[in-house]
Amino acid sequence: MDEKKKIRIALAGNPNSGKTSVFNELTGMSQHVGNWPGVTIEKIVGKKHIDGMELEIVDLPGTYSLSPYSPDERVARDYLLLERPDVVCVVVDASNLERNLYFVAQLVELDLPLVIALNMIDIAKSRGIEIDIDKLSTLAGAPVIPTVARSGKGIDELTSAIIDVAGKPYSPVTLNYGKEAEGAILEVESIISVAPPLALRCHTSRYLSASLLAGDAEIKEMILTASPNSAEVRRKIAKVRLKMETRLHTDGESVLANARHGWASGIYHEVVRDPHHDEPTGTDRIDDVLLHRFFGIPIFAGIMFVIFWSTFNIGAYPMGWIESFFEWLGGWLSAAMLSVGASETLVSMVVDGALAGVGGVLIFVPNIIILFFFVSILEDSGYMARAAFLMDKIMHRMGLHGKSFIPIIIGFGCTVPAVMSTRTLENREDRLLTILILPFVLCSARVPVFVLFSSALFESNQGLIMFSMYALSIAISILAAKVLKMLLFKGLSTPFVMELPPYHKPAFKGVLLHTWERAWAFIRKAGTVILVGSIIIWALGSLPPGAEYASADSLAGKIGRIFQPLVKTFGSDWKGAVSLLFGFVAKEIVVATLAVLAKSGGESNLVEGLRQIYTPLSAYTFMIFTLIYTPCIATIAAIKKETGTWKWAIFSALFSTALAWALATSVYWAGKALGFG
Amino acid sequence: MTLDELEIGEKARIVAITGEGAIRSRIMDFGLVPGTRLWMIRRAPGGGPFEIRVRGTLVSLRPEEARMIEVVPHRGGRGHHGGHCEKKGPKHGFLRKWFHDED
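Here the protein sequences line up with chains E and V, keeping their order.
Numbers in the numbering used here are just positions in the first sequence, counted from 1, shifted up by 43.
Numbers in the numbering used here are just positions in the second sequence, counted from 1, shifted up by 25.
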């Protein structure tokens, strides 16, 4: 009935500019998380209703530039260029204005109505930085609103400025590239006018022309596709570009970058008075300690130890409570169901299948909450970049990124949060590579399997055997990183040019929100993928009706027999195969299943049972297989979530299982040849 | 000379960015364009990345990226007359290598 006015707003900004805080304050909790089309980058959209108007705010990925080199930047640029939002709100860090204005320069070129949120103005003020806001507004051609997003200051003013700009005709400032380049731009503009639909859609033939002169392959493709005589257009553009580059003795990309930095630097020096510019700041003094050449790494190791210790030791208490709760719930539920006449099979499905599976995974929630609480603090405070700085050399040797280090350390605890923590890696390829090697890092769930086997069959060498498993895990991870890098990302060199942001006191609200998001994502997964997986495994163990759980007569037992030839190559039998199959739910279950299959009451019988099935050699190869083979369901689900497709989750499962089989089998036969076992 | 050859604490001006593609573009996005002044702050322990201050920001780069940035040491700064600068830290043994690992 009454027509609601809708304003489409794009929120842009550098990483570390506080963009996420501004977004959270602008939209409150009404956020919708989806994916940008075609890529696995999260698209977060928030809504806000005010004075009968609907504000739809799209949170663009945080980037330093709008060049077409990274998927994040491409997503942001394509949205701005092709979807043409009504207003662009750019968040800039007031204490780091010069670099941030370079990004603003690129937005100005796009010719969209702009509002500048001058964020973290409190930090700038505390450092004695004075900013002439009116002058900045005039020079940048956009309203400038000072904000402190962490405490919500200035957000109402920002909202009204956005609404105000959306309703007015827009008169942009023009960024001058210099005489030679301006001439070339005019020439290109006339050449590409043969592609009118595109130029019309983007409104910015000037921006398109400048990008073409900088050799922007993506824009070139767009223009050539839209042009009727593409060969001629291509030739003409190349000619203009060559002429300009020859006269200026530099390449087109530098011309653009120089002009934008010149614009940013010019405005910066006009509007900012920073008496302490170039003097060491508090951040420098903290870095002198935290990045110290002797103490830097020990301090980092200490921080990691504290995080790790708290996660798995403090986390052990709530884990115990959750475990007892599910035990109690299982008992209560089976009694309740039986009393209303449910069949034994149904009760078993719900209690032993669904509840046990989901409960077994939900006990990790405390770990995840504690871990991500710390990880959020590390990230928000600015220390995460320092950790990457300290660790990059060793990680780079493995073909990884400095920021891969923390996920790997977390992986020694549990692979699921490790995979989730790879989000700190900005580059897709680095992230994917890290995710794919994480399953080879020996997580704590696999430890019981190794403890059982080493105590049963290697009484005198227990410690050595355990150590060899950790050593093998690290060796395989390094090797896998090298091989996968060679196979999947050949010749790809990802830049490590990384900002070391100023230290901040973490925003408590943001840290809690972030922690809760991760925990909730995990809980949701437990309710879906893991629930289904657990029921399937239960069905395999319990069907056909009457078969004893996971026995030779059950489906699992039959499947175990089918797989027997495969596991026989490394000295295992169908019982081993069934245990490994069930270990897919969670690696600890390998021990539980073996315990059932060895038909024993106490631990000592289990050890005896194992000694009858396994020789030291075949036990060792079984351990190798357990170490390397497919990650558990929860990890698979996490990989799917973080990479956005099932492809990499399935790849990870198959690749690791094949590798496990090959290695276990070769060790087995080499051992045999050498006279062991 | 290139950025990786600067002494810790030395200031310099950029004269050119070599190389191409994504890395070059990324370097320029951080304000590292010809004419810009920068300040070598430190190097990660064990010969890892460099940390520089440029346009009021702290930026880290790997040695291979630093080699793409051609600089002249700033007038009045150390080392511009080609004289050898005394490095801090041990002069001999493995610790020296650990300190001054040129990668």
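Just so it is clear, CB atoms sit at the ideal spot from N, CA and C, and this is done for glycine as well.
Partner residues on chain V for residue i, Cβ-Cβ distance less than 7 angstroms
i	result
Lys436 of chain E	Ala69, Gly71, Gly72 and Gly73
Gly339 of chain E	Pro70
Heavy atom of the ligand MN within 7 angstroms of residue i beta-carbon
i	result
Glu85 of chain E	Looking for the ligand MN in the displayed structure turns up nothing, as the structure carries no ligands at all.
Separation of residue j from residue i, as counted between CA atoms
i	j	result
Val97 of chain V	Met26 of chain V	7 angstroms
Glu99 of chain E	Glu288 of chain E	42 angstroms
Val332 of chain E	Ala69 of chain V	12 angstroms
Trp123 of chain V	His335 of chain E	Note on Trp123 of chain V: pLDDT 40, under 50, position unreliable in the model; the coordinate value appears next. Taking the straight line joining both Cα atoms gives about 14 angstroms.
Leu485 of chain E	Ile172 of chain E	49 angstroms
Gly374 of chain E	Leu649 of chain E	26 angstroms
Met163 of chain E	Val191 of chain E	5 angstroms
Tyr122 of chain E	Val404 of chain E	39 angstroms
Gly645 of chain E	Glu651 of chain E	Its pLDDT being 45, under 50, Gly645 of chain E is placed unreliably by the model, and nothing is read from it.
Ser64 of chain E	Leu150 of chain E	21 angstroms
Ile342 of chain E	Gly71 of chain V	15 angstroms
Leu372 of chain E	Phe665 of chain E	35 angstroms
Thr247 of chain E	Asp129 of chain E	15 angstroms
Cys132 of chain E	Ser194 of chain E	19 angstroms
Arg284 of chain E	His444 of chain E	36 angstroms
Pro88 of chain V	Ala582 of chain E	56 angstroms
Cys457 of chain E	Thr678 of chain E	9 angstroms
Ser464 of chain E	Ser110 of chain E	27 angstroms
Ile188 of chain E	Glu560 of chain E	29 angstroms
Ser709 of chain E	Lys601 of chain E	26 angstroms
Pro58 of chain E	Asn470 of chain E	13 angstroms
Gly570 of chain E	Trp352 of chain E	28 angstroms
Ile580 of chain E	Val408 of chain E	22 angstroms
Ala260 of chain E	Leu531 of chain E	23 angstroms
Ile573 of chain E	Ala257 of chain E	49 angstroms
Arg80 of chain V	Arg62 of chain V	8 angstroms
Ala461 of chain E	Phe416 of chain E	14 angstroms
Paired residues, beta bridge with residue i - DSSP
i	result
Phe338 of chain E	Answer is none; Phe338 of chain E lacks a bridge partner.
Gly56 of chain E	E:Val134
Glu49 of chain E	According to the sequence provided, residue 49 of chain E is Lys. The question's Glu does not apply to it. Bridge partners of Lys49 of chain E: E:Glu97.
Glu95 of chain V	V:Thr27 and V:Ala41
Pro538 of chain E	Looking at the DSSP assignment, Pro538 of chain E forms no beta bridge with any residue, so it has no partner.
Gly89 of chain E	E:Gln74 and E:Ile100
Pro189 of chain E	E:Leu161
Leu267 of chain E	Answer is none; Leu267 of chain E lacks a bridge partner.
Phe75 of chain V	V:Arg68 and V:Leu86
Ile174 of chain E	E:Val315
Arg62 of chain V	V:Arg38
Lys196 of chain E	E:Val191
Interface partners of residue i on chain B, CB under 9 angstroms
i	result
Glu90 of chain V	The displayed structure is made up of protein chains E and V, and chain B is not among them.
Where residue i meets chain E, residues with beta-carbon distance less than 8 angstroms
i	result
Ile52 of chain V	Pro538 and Val540
Val58 of chain V	Ser297, Ala300, Asn301 and His304
Partner residues on chain V for residue i, Cβ-Cβ distance less than 8 angstroms
i	result
Asn139 of chain E	Gly81 and Thr82
His320 of chain E	Gly81
Arg142 of chain E	Phe55, Gly56, Arg80, Gly81 and Thr82
Chain-ordered chain E contacts of residue i [CB-CB under 7 angstroms]
i	result
Leu63 of chain V	None at all; the shortest Cβ gap to chain E is about 11 angstroms.
Residue i: contacting residues in chain E (beta-carbon distance under 9 angstroms)
i	result
Glu76 of chain V	Asp330, Leu334, Phe432 and Leu543
Amino acids of chain V, ordered along the chain, whose beta-carbon sits closer than 9 angstroms to that of residue i
i	result
Ile449 of chain E	Chain V residues near Ile449 of chain E: none, gap ~16 angstroms exceeds 9 angstroms.
His439 of chain E	Gly73, Pro74 and Arg87
**OP:** Could you name each continuous alpha helix (DSSP H) segment of 4 residues or more that falls completely within the segment 363-402 of chain E, going from the start of the chain to the end?
**Re:** 387-391
Original post:
Curious, which full-length alpha helix (DSSP H) runs of at least 4 residues does the segment 278-318 of chain E contain?
Top reply: 295-314
Subject >> chain V contacts made by the segment 187-220 of chain E, where a contact means CB separation under 7 angstroms >> reply: none
Subject >> chain V contacts from the segment 298-309 of chain E (Cβ-Cβ distance under 7 angstroms) >> reply: Ala300, Asn301 and His304
**OP:** Go through the segment 419-484 of chain E residue by residue and report every complete run of the alpha helix (DSSP H) that reaches 4 residues or more, in order.
**Re:** 426-440, 448-454, 458-463 and 471-480
**OP:** Name, going along the chain, the residues of the segment 26-38 of chain V whose beta-carbon falls closer than 9 angstroms to a beta-carbon of chain E.
**Re:** none
Subject >> Ranges of the alpha helix (DSSP H) found wholly within the segment 578-659 of chain E, counting only runs of at least 4 >> reply: 598-611, 617-625, 632-640 and 646-656
Subject >> Under 7 angstroms (Cβ pairs) to chain V, residues found in the segment 380-410 of chain E >> reply: none
Subject >> Residues of the segment 87-117 of chain E whose Cβ lies closer than 7 angstroms to any Cβ of chain V, in chain order >> reply: Tyr107, Ser108, Ser110 and Tyr112
Subject >> Interfacial residues, the segment 144-164 of chain E to chain V, with Cβ spacing under 7 angstroms >> reply: Tyr145
Subject >> Sequence ranges, alpha helix (DSSP H) only - wholly within the segment 502-552 of chain E, length at least 4 >> reply: 505-531
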